[in-house]
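Top line first, the protein sequences correspond to chains V and P. Numbering follows this note's numbering, in which position 482 of the first sequence is assigned residue number 482; successive positions increment by one, without gaps. Numbering follows this note's numbering, in which position 189 of the second sequence is assigned residue number 189; successive positions increment by one, without gaps. Every residue, glycine too, gets a C-beta built ideally from N, C-alpha and C. Take a look at the structure below.
Protein chains: 2
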Amino acid sequence: MALLTDLYQVTMAYGYWRAGRHRVPAAAELFFRRCPFRGAFALGAGLAEGLRFLRAFRFSAADIAYLRSVLPSTTEEDFFEYLATVDASEVTISSVPEGSVVFSRVPLLQVKGPLLVVQLLETTLLCLVSYASLVATNAARFRLLAGPATKLMEMGLRRAQGPDGGLSASKYSYIGGFDCTSNVLAGKLYGIPVQGTVAHSFIMSFTSLAEVEPRVLTPLAGGEPVDLPSLAESWLPQVCELLQVSPDKVNRGELAAFVSYAISFPRNFQGLLDTYCVMRSGLPNFCAVALALNQLGYRAIGVRVDSGDLAKQSKEIRRVFRACGSRFQVPWFETISIAVSNDISEESLEDFIRELVKVNGFPCLKLTEDEEKMTIPGTKTVYRLYDADGHPFMDLMALEEEPAPSAGQELTVHVLGRSGEASKVTPATVETLHRTYFRDGQVCEELPSLPEVRSYAQAALGQLSPAHRRLHEPEPYPVAITEKLHLLFGELRQASL
Amino acid sequence: MALLTDLYQVTMAYGYWRAGRHRVPAAAELFFRRCPFRGAFALGAGLAEGLRFLRAFRFSAADIAYLRSVLPSTTEEDFFEYLATVDASEVTISSVPEGSVVFSRVPLLQVKGPLLVVQLLETTLLCLVSYASLVATNAARFRLLAGPATKLMEMGLRRAQGPDGGLSASKYSYIGGFDCTSNVLAGKLYGIPVQGTVAHSFIMSFTSLAEVEPRVLTPLAGGEPVDLPSLAESWLPQVCELLQVSPDKVNRGELAAFVSYAISFPRNFQGLLDTYCVMRSGLPNFCAVALALNQLGYRAIGVRVDSGDLAKQSKEIRRVFRACGSRFQVPWFETISIAVSNDISEESLEDFIRELVKVNGFPCLKLTEDEEKMTIPGTKTVYRLYDADGHPFMDLMALEEEPAPSAGQELTVHVLGRSGEASKVTPATVETLHRTYFRDGQVCEELPSLPEVRSYAQAALGQLSPAHRRLHEPEPYPVAITEKLHLLFGELRQASL
């Protein structure tokens, strides 16, 4: 994996080595310039994978041989011998905990170590942290929109950037607040709950009730097995009358598929309604099968719609479930879950917040390394300042050697982007944002489990003030620097003119 | 890898198995409904990875144990025992060759086999083929825009969907016509040429010429080593005079970085110009170092600009190179390559087609499976019809059992989307689009190397008529079906009413 980097990192490494600068102490910070999705916050993620990469960071003999073949022939052999000895044993990583709320311009991860190693790690860490944070942020926004009760499901595998992109999407949307994934391998590898029922192809593989095999289902309470196709068919005219649709228009292959699925999964029956026509075929067929199951003591779980105007259909389906429940005296019908999928956006999600959702496609979060800080050995410590209500109201960057701000004490700070004027703030609580996770080649802080990270993220989001949390035109979150850091920046700016 | 699928594929598999339909012969086709990027064509890719997946397709004991834990407790144990025996030994895959030009609605890959297996393979094959085809198509469009002579470089790793997404982007943009990548691991794994020089952090790590170490460079032809910092500095006033910039504004740290890099890579010197100011610092510094190198017999290779108005700067840089070449009698200066990077789009690329390019971010190509055909055992054969000039003018889908159309003979066809009316065409040449790549659990057709695929794609693109090849508002490429298939569709439509 050490070769998973841009070639210019290696040519630069040679440049540093040749100039005898490869062991100069260096520090790099990963942050992003703007929050994604026009929000005021993001979730930091990818730390665990970054640490795994660091532990294994080493060039194999084959890697060195390959590098020898692509670098110019004038490259000195000693450089390759040196590269073969390089690892992350002198690297220190401090970072916000996985799943933290982070803001633009505040480093979410800091790497310290010899210049050459820090440089070689840059691309890979960016690759691992950037996509992870983007997906987690996207998921967190959907969770905020949907509220805590709605189930959110990720189904992006077939559109992902290959298997690994799909697995990462499952993992980080779970961290961001999704409930489950359709990706079975993600379930096995990460312990994320998996869910799924059928696709349209299953429905279309049936053409008539005669194809249903086996036909019988034993009632939940036991007793004589019952012929489910006949029972479902007997419900159809009553359902069609209630829904005012013609029984001739109801697709019998779809009915057969529903019945067959119900026999296979009597306690988990769910209907995919939009293979033919939701209102004139899918819904009456589902109701007929669900009512038949009900007679045998089973409760249908839910329906899914995968095309068309999802919000409008959801409302109509809910209305039909209420009517069915009342007409046939099946009160639980009202509570059958309605899931929607197919290109759910934040916009469309706002229309109906009680549905099961899939998400595809993520814009680009541009994570960047603060190159100006690359060789300033004194890196920054970041404090998060909370108000009396427990909301974070400012992130404050200070020089590492400065004393930490104290709760209840007034501070002089310079808010970035506000023309350098000093302002005064008094935090009710002060939190040090970063922890040291990697030192002397070892992970030195215990990493939480995936569900723990997920809970941590939800708690952090819950602390955000509504003004910063809101998804549309949020109030920008202030990021400030201390008086000392402000002066240092001033000097540096002066020096570079 | 067999678990890399959506759970509903597994629940459907159980449904089929329970109904005794799991061994019904089935066929699935992968195609896309619309061409990506508003074009009229796409490149098909991902076949080799799909075949690798198929060869290894098998559920391990641990996979089965995991599935047992997530499927409902009513799932019969025999199903899991059956799953443990499932592999791809009864699957047949036919496909267009990797790198083929393909059109919307025409299957690019067909899977035949027992229904249960075909269903279980769907998600993974879509995942592998969809992203690969999208990236290759995107790259092909950039290649068409840039013309055959321009070098195109992919640098997307840090923004990719994780390591695997990055590696796939390198591979498939190479297939689509890119020349090289910055991703070293992609170079090692796939043999793709890699390139790279330095990033801004390298430039910024220097503040003065005093830091340059070592300082001397031996002339190309041999002889006494020369102090390169002094030599470069001696050129600076002359260059500044020619460029009409103030020598005081030229950043000495940048000059030091260029000199240091030139000493490390004297035959491969390239300058990254936009760390401070391209025209007032980067360019004069580069010219000074390049002229110093020239005195020692070395030729600088090129420059790169990574921000700002790339087209405008390219023109100004070219003008300066001409002026320098003429003023200091260094004719090769005129031909120094100018590379640009940073969010290159098709639009911006049109402005300057002689630059080195990086590409990031790909929209979504929605590949889909033709579910209506899922259980029609007689799948389609696809023919590509060519006109007398050698341009393909129509893809024709026929039933497998129909005789192949003959060159020079008139055919009656029904063009899709043209209201079913029959038309007559006479192809000058007829090509069968698909080959069988996988049969009896084995790959049965030799797979070409990556460079061969790349050449094949360029040749196929070259055959396209300009009307279909053009990137903006291309003429839609006609896809037709035979009379027989048209009649069959009519019958099916009738039957489903």
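- In this structure, the straight-line span from the alpha carbon of V:L167 to that of V:E410 is close to 46 Å.
- Taking a 10 Å sphere around the C-beta of P:G390, we find fewer than 16 other C-beta atoms and assign the residue as exposed.
- Bounds of the alpha helix (DSSP H) holding V:A186 are 184 to 190.
- The segment 103 to 177 of chain P contains, as complete beta strand (DSSP E) runs of 3+ residues, the segments 109 to 114 (chain order).
- In chain order, S246, P247, V250, P284 place their CB closer than 8 Å to the CB of V:C240, counting only its own chain and leaving out the 5 sequence neighbours on each side.
- Counting C-beta atoms within 10 angstroms of its own C-beta, P:E49 has 16 or more neighbours from the protein chains shown and is therefore classed as buried.
- Between the alpha carbons of P:Q463 and P:P448 lies a gap of roughly 20 Å.
- Against V:F269, chain P offers no close residue; the least beta-carbon distance is about 10 Å (beta-carbon pairs closer than 9 Å).
- A Cβ-Cβ distance of about 39 Å is found for the pair V:L157 and P:D274, leaving them out of contact under the 8 Å criterion.
- Secondary structure note for P:G271: its beta strand (DSSP E) is the uninterrupted segment 270 to 272.
- Within chain V, no C-beta atom comes nearer than 7 Å to that of P:V453; the closest sits roughly 17 Å away.
- Residues of chain P with a Cβ closer than 7 Å to the Cβ of V:S465 do not exist, since the nearest Cβ in that chain sits about 31 Å away.
- Annotation: Cβ neighbours of V:C127 in chain P (cutoff 7 Å, chain order): L157, R158, A160, G162, P163, G166.
- In this chain, P:M1 is not harboured by any alpha helix (DSSP H), its DSSP state being neither H nor E.
- By the Cβ neighbour-count rule, P:Q244 is exposed, with fewer than 16 other Cβ atoms within 10 Å of its own.
- Our two residues, P:T436 and V:S201, have alpha carbons roughly 24 Å apart in a direct line.
- Per DSSP, the continuous beta strand (DSSP E) segment holding P:V430 begins and ends at 429 to 432.
- Taking each of V:H468, V:Y383, V:S230 in turn and checking the Cα distance to V:V259, the smallest one comes out for V:S230.
- Of all C-beta pairs linking the segment 440 to 458 of chain P to the segment 74 to 90 of chain P, three or more are shorter than 8 Å, placing the two stretches in contact.
- By the neighbour-count definition (other C-beta atoms within 10 Å, threshold 16), P:E473 is an exposed residue.
- Bounds of the alpha helix (DSSP H) holding P:E81 are 77 to 83.
- In the structure shown, the three-state DSSP call for P:Y276 is coil.
- Fully contained in the segment 370 to 418 of chain P is no alpha helix (DSSP H) run of length 4 or more.
- Listed along chain P, the residues sitting closer than 9 Å to V:N183 by beta-carbon distance are L3, L4, T5, D6, L7, T123.
- The contact set of P:V10 on chain V, defined by CB atoms closer than 8 Å, consists of V184, G196 in chain order.
- In the structure shown, V:C35 falls within a coil segment according to DSSP collapsed to helix, strand and coil.
- Of all residues in the segment 212 to 227 of chain P, only V212, E213, P214 place a beta-carbon less than 9 Å from a beta-carbon of chain V.
- Taking a beta-carbon distance threshold of 8 Å, V:A199 counts as an interface residue toward chain P.
- Across the structure, V:A169 and V:V194 are spaced so that their CA atoms are roughly 14 Å apart.
- In the displayed model, P:A13 falls within a helix according to three-state DSSP.
- Chain-ordered, the chain P residues with CB closer than 9 Å to the CB of V:Y131 read R159, A160, Q161, G162, G165.
- Interface annotation, V:F178: not in contact with chain P, CB-CB separation never under 8 Å.
- Spatial neighbours of V:V226 in its own chain (CB-CB distance under 7 Å, excluding positions within 5 residues in sequence) are listed in chain order as V216, L217, P219, L296.
- Across the segment 45 to 58 of chain V, no CB contact with chain P closer than 7 Å is found for any residue.
- Spanning the alpha carbons of P:F393 and P:E431 requires a straight line of approximately 12 Å.
- By the criterion of a C-beta distance shorter than 6 Å, P:P478 is surrounded in its chain by M394, V415, once the five residues flanking it on both sides are discounted.
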